[in-house]
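So the structure is just underneath, and the comments pick up after that.
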Amino acid sequence: MQPTAFEQLVLDVIENLPAQFARYLTNVDILVEPHCTAQHRAELELEPDDIVYGYYEGVPITERAAGELVPPDVIIIFQDSLEADFPDPAELRAEVRRTVLHELAHMFGISDDRLEELGAY
Numbered sequence: 334m335q336p337t338a339f340e341q342l343v344l345d346v347i348e349n350l351p352a353q354f355a356r357y358l359t360n361v362d363i364l365v366e367p368h369c370t371a372q373h374r375a376e377l378e379l380e381p382d383d384i385v386y387g388y389y390e391g392v393p394i395t396e397r398a399a400g401e402l403v404p405p406d407v408i409i410i411f412q413d414s415l416e417a418d419f420p421d422p423a424e425l426r427a428e429v430r431r432t433v434l435h436e437l438a439h440m441f442g443i444s445d446d447r448l449e450e451l452g453a454y
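Residue numbers (the working numbering): 334 to 454.
Now the structure itself:
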C-alpha cells in the first residue's frame, strides 16, 4: 500500500474512534513510519525477531500532576510490520484500529500485562 493510502487508513480509524477516546487526542501526534527504528527497538528493549505495530511515547495521563505542562504525546504506527502480518485489507484495518487503541491504553497508563489480564490480546 502506498504510504499516503496507509496514512489515510490510520486517519480513518482515528476519526471513527468512540467519542470517549477521541477527546483525548487533542494533544497527541499520531505518526506513521515505515518501520520500527533501531532507537525505538532499543527503547522498547526488543529482541531482534520481535515485531511491533505501534509505539507510545509520552507521559501517561496517570503519571501527570494536575495542570502539569507536558509535550504532546506521540503514537507511532509502523506500516511495514502491519502490512506484512495482515495482507487482507479488512484484517489490516481491524489491526490498525486495535494498535491505535493499544497505544492509547498506554497513554492512559495501562501496561501490556494489564491489557493481557483484560483480554485485549
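No residue lacks a Cβ here, since even glycine has one placed at the ideal position from N, Cα and C. Fair warning: this is a prediction, and the values are worked out from it, not measured in the lab.
Let's see if you can read the secondary structure: which residues bound the alpha helix (DSSP H) around L379? Here L379 belongs to no alpha helix (DSSP H), and DSSP marks it neither H nor E.
Rounded C-alpha distance that separates A371 from V385: Distance between A371 and V385, taken at the CA atoms: about 12 Å.
For V343, does the three-state DSSP call read helix, strand or coil? In the structure shown, V343 sits in a helix (DSSP, three-state: H, G or I).
With a cut-off of 8 Å on the beta carbons, I'd call D339 and V361 a contact; round off their distance for me. Residue identity check: residue 339 is Phe in the sequence provided, not Asp. No, F339 and V361 are not in contact; Cβ-Cβ is about 19 Å, not under 8 Å.
Pull up the CB-CB distance for V497 and V346, whole angstroms please, since I reckon it's below 8 Å. Absent from the model: residue 497. The displayed extent of the chain is 334 to 454, so no value can be given.
Ignore the nearest five residues each way along the sequence and tell me which others in L344's own chain have a CB closer than 7 Å to its CB. Its chain contains no residue whose beta carbon lies nearer than 7 Å to that of L344 once the 5 sequence neighbours on both sides are disregarded.
Comparing alpha-carbon positions, which option in A423, H439, P422, D383 lies nearest D406? Distance from the Cα of D406 is smallest, within the candidate group A423, H439, P422, D383, for H439.
F354 lies in the alpha helix (DSSP H); which residues open and close that run? Per DSSP, F354 belongs to the alpha helix (DSSP H) from 352-355.
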